[in-house]
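> Sharing a structure, written as structure tokens. Questions coming.
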Amino acid sequence: MARLRLATVWLGGCSGCHMSFLDMDEYLLELAEIVDVVFSPLVDSKTYPEGVDVVLVEGAICNVEHMEMIHRVRSNSRVLISFGDCAVTGNVSAIRNVLGGALPVLKCSYEERSDPAGMIPSPNDIVPQLLDRVVPVHAVVKVDLFLPGCPPSGPMIRTALEKVLAGETIDLMEHHLSFGGYGRPRNSEGSSTASSSSTAPS
Amino acid sequence: MAVKTLSLDGQLISARDGQTLLEAARESGVSIPTLCHLDGLDPVGACRLCLVEVNGRLMPSCLTRVAEEMEVWTQTERLQRYRKQIVELLFAERNHICSVCVANGNCELQDLAMRLGVDHLRYAPQEPQCEVDLSHERYGLDHNRCVLCTRCVRVCDEIEGAHTWDVAGRGTNCRVITDLHQPWGSASTCTSCGKCVMACPTGALFHRGASVSENVHDRETLHALILAREEKQWLV
């Protein structure tokens, strides 16, 4: 059987999801037995290749480079997994949306709050131009599986990858899917262990 | 005491006259998701998460009284679909960034999302500009996280008796307010008792200085207060 081609992509995120990917620890060795990592910030590849079986996409779509990349990722990949809260909801990356477009944010960062005042990078500079609105991945391309969490835990990523690589369907609800950080331990009702009797049967 | 017999998810159950469907369901071990409901406070049926099907019609279980020969379904595919949709709309309506919220891991909206299998939002976030009120010396109010459940309004009115909180505005401009829209710190009716903070299901009301995951909403203390007041039972 041909080895599966796995990719991970880092867009507008903090790389925490990739750190969580590394948190799979010894499973990484098992994974290396069955997949080739053909593109990732963790390996030295510059161009997103064709024929990728599974890709984990971390981060929101924040700039023109991300936009171009996500279209290429989608067209070259069979299964696209939205990886972490930034990819799923926009999360912290999308906080700037409330401030009303890219220009007010750039003005604030480079001119008003910067000491000494700097210059807003021009579109011709090497930094990619910001989009006016940060959007989650599924707002731009079709997503096959969502892995929310900031970041999703190592065991959660492992569960998802094992199922997806085996070509099986997956119900992540059994695995305490949640937005945000790990938070408190959950009880069997799915509620945090802190009191919330309004959601529990009396 | 009059007893009503009704069908709940296909099982015949008996309930006391005057009980709500939510109470009867819970006594029968059936869990119905709620958000605006808090035991001890008057139900308002605001969030619509506790909708059930009564003889084919959708009714809020927190407000609907049991009646003879009701046929009630609590977990139909239609209800699950609507509940999931409601939670997604609540997330989309304001700016809920779980990972930087003081209530992360201690939030009923977050719990509901997980329980109902919300893994992403199908609706574009509205991204309204919401203020944060830190004028009170002990507590903070972040409108970004408010779901307008009015628990704070009801707990302040019905248990503390201060009625500092109220609701102003309509639609996207709807906000909980203190004392005729004064900053919370200037609200002269506020007794700083903190019951509103205990009751809040999300990170909208929080203890100042509490870092992420430390902002514990102490709903149990409210229940103890209600028990002491109404049943004359004091928990030590």
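So the sequences go chain by chain: L and Z. Residue 1377 is where the first sequence starts when you use my numbering, and the numbers rise one by one after that. Residue 782 is where the second sequence starts when you use my numbering, and the numbers rise one by one after that. Glycine residues also receive a C-beta, built at the ideal position from the N, C-alpha and C atoms.
Keeping to the same chain, check which residues put their C-beta closer than 6 Å to that of Z/PRO906; ignore five residues upstream and five downstream.
Cβ neighbours of Z/PRO906 beyond the five flanking positions: ALA873.
> Would you mind telling me which residues of chain Z sit closer than 7 Å to L/MET1549, beta carbon to beta carbon, in chain order?
Going along chain Z in sequence order, the residues near L/MET1549 (Cβ under 7 Å) are GLY898.
> Just the chain L side, please: which residues come within less than 7 Å of Z/ASN876 by C-beta, in chain order?
Those within 7 Å of Z/ASN876 in chain L are VAL1474.
> Take the Cβ of L/CYS1438 as the centre, count every other Cβ of all protein chains shown within 10 Å, and call the residue buried at 16 or more, exposed below.
By the 10 Å Cβ count, L/CYS1438 comes out buried.
> In angstroms, rounded to a whole number, what distance separates the CA positions of Z/THR786 and Z/ARG859?
Z/THR786 and Z/ARG859: Cα-Cα distance of roughly 25 Å.
> 8 Å is my cut-off, CB to CB: does L/VAL1455 come that close to chain Z?
So no, L/VAL1455 is outside the interface.
> Out of curiosity, what's the CA-to-CA distance linking L/LEU1475 and L/GLY1466?
For L/LEU1475 and L/GLY1466, the distance between alpha carbons rounds to 14 Å.
> Any beta-carbon of chain Z closer than 8 Å to the one on L/PRO1528?
Not one chain Z Cβ lies under 8 Å of L/PRO1528.
> Please identify, using Cβ separations under 9 Å, the residues of the region 905-929 of chain Z that lie next to chain L, in order along the chain.
So the close ones are ALA905, PRO906, GLU908, PRO909, GLN910, CYS911, ASN925.
> In terms of residue numbering, what span does the alpha helix (DSSP H) encompassing L/HIS1394 cover?
Element bounds for L/HIS1394: 1392-1398.
> What does Z/ALA827 reach in chain L if we use C-beta pairs closer than 7 Å?
Residues of chain L passing the Cβ test: none, with the nearest at roughly 13 Å.
> Can you pull the chain L neighbours of Z/ALA894, defined as C-beta to C-beta under 7 Å?
The answer, in chain order, is PHE1555.
> Can you tell me the Cα-Cα spacing of Z/ARG903 and L/LEU1479, whole angstroms?
The alpha-carbon atoms of Z/ARG903 and L/LEU1479 are separated by roughly 27 Å.
> DSSP three-state label for L/THR1384, please.
L/THR1384 falls in the strand class under three-state DSSP.
> Nearest by alpha-carbon distance to Z/VAL978: which of Z/VAL948, Z/SER969, Z/CYS927, Z/ALA783 is it?
Taking only the C-alpha atoms, the option nearest Z/VAL978 is Z/CYS927.
> Work out the CA separation of Z/GLU939 and Z/LEU1003 for me, nearest whole Å.
Each residue's Cα considered, the two are about 11 Å apart.
> Starting from the beta carbon of Z/GLN856, find every residue of chain L whose beta carbon is closer than 7 Å, and list them in chain order.
None at all; the shortest Cβ gap to chain L is about 13 Å.
> Give the DSSP-derived three-state secondary structure of L/ALA1570 in the structure shown.
In this predicted model, L/ALA1570 has a pLDDT of only 41, less than 50, meaning its place in the structure is not dependable; the value taken from the coordinates is given anyway. If DSSP states are grouped into helix, strand and coil, L/ALA1570 belongs with coil.
> Count the other CB atoms within 10 Å of the CB of Z/VAL934; is the residue buried (16 or more) or exposed (fewer)?
Buried, by the Cβ-count rule.
> From this set, Z/CYS971, Z/VAL997, Z/LEU844, Z/ASP798, which residue's C-alpha is nearest Z/GLY826's C-alpha?
Cα-wise, what sits closest to Z/GLY826 is Z/LEU844.
> Could you check what DSSP says for L/SER1453 in three-state terms: helix, strand or coil?
Here L/SER1453 sits in strand by DSSP.
> Thinking just about the alpha-carbon of each residue, which of L/THR1545, L/ASP1491, L/ILE1496 is nearest to the one in L/LYS1483?
L/LYS1483 has its Cα closest to that of L/ILE1496, out of L/THR1545, L/ASP1491, L/ILE1496.
> Considering only the alpha carbon of each residue, which of Z/CYS955, Z/GLY950, Z/ASN876, Z/ASP960 lies closest to Z/THR983?
The candidate whose alpha carbon is nearest that of Z/THR983 is Z/ASN876.
> For Z/VAL811, collect the residues of the same chain with a Cβ closer than 7 Å to its Cβ; drop the 5 residues on either side in sequence, then sort them by chain order.
Contacts found: LEU789, ASP790, THR855.
> Note down, in chain order, every chain L residue with its Cβ under 9 Å from the Cβ of Z/ARG882.
Rather than Arg, the amino acid found at residue 882 of chain Z in this sequence is Cys. Here the neighbours are GLY1556.
> So L/ASP1412 and L/VAL1455 are in contact, right, with Cβ under 8 Å, and what is the actual spacing, rounded?
At roughly 15 Å, the Cβ-Cβ gap does not stay under 8 Å, so L/ASP1412 and L/VAL1455 are not in contact.
> Between L/THR1423 and chain Z, is there a C-beta pair that is closer than 8 Å?
Answer no: the Cβ-Cβ gap between L/THR1423 and chain Z never drops below 8 Å.
> With a floor of 4 residues, list each alpha helix (DSSP H) that falls wholly inside the region 1486-1568 of chain L, ordered by position along the chain.
Here the runs fully enclosed are 1530-1541.
> Of the residues Z/CYS930, Z/ALA968, Z/GLN891, Z/ASP960, which one's Cα is nearest the Cα of Z/ALA980?
When only C-alpha atoms are compared, the closest one is Z/CYS930.
> Which residue from Z/GLN1014, Z/GLU889, Z/SER967 puts its Cα closest to that of Z/ASP914?
With distances taken between Cα atoms, Z/ASP914 lies closest to Z/SER967.
> Restricting to Cα atoms, I'd like to know which of L/VAL1385, L/PHE1555, L/ILE1446, L/ARG1472 is closest to L/VAL1419.
When only C-alpha atoms are compared, the closest one is L/VAL1385.
> Taking only the alpha-carbon atoms, compute the straight-line gap between Z/GLU912 and Z/ALA985 and give it to the nearest angstrom.
Taking the straight line joining both Cα atoms gives about 11 Å.
> Are L/ALA1461 and L/PRO1524 close, meaning C-beta to C-beta below 8 Å?
Looking at the sequence provided, one finds Asp at residue 1461 of chain L rather than Ala. Yes, the Cβ-Cβ distance between L/ASP1461 and L/PRO1524 is below 8 Å.
> Buried or exposed for L/ILE1533, going by 16 or more other Cβ atoms inside 10 Å?
L/ILE1533 comes out buried.
> So, does the CB of L/ASN1467 fall closer than 8 Å to a CB anywhere in chain Z?
Output row for L/ASN1467: interface = yes.
> Hey, L/GLY1435 and L/SER1469: beta-carbon distance below 8 Å or not?
Against a cut-off of 8 Å, the Cβ pair of L/SER1469 and L/GLY1435 comes out as a contact.
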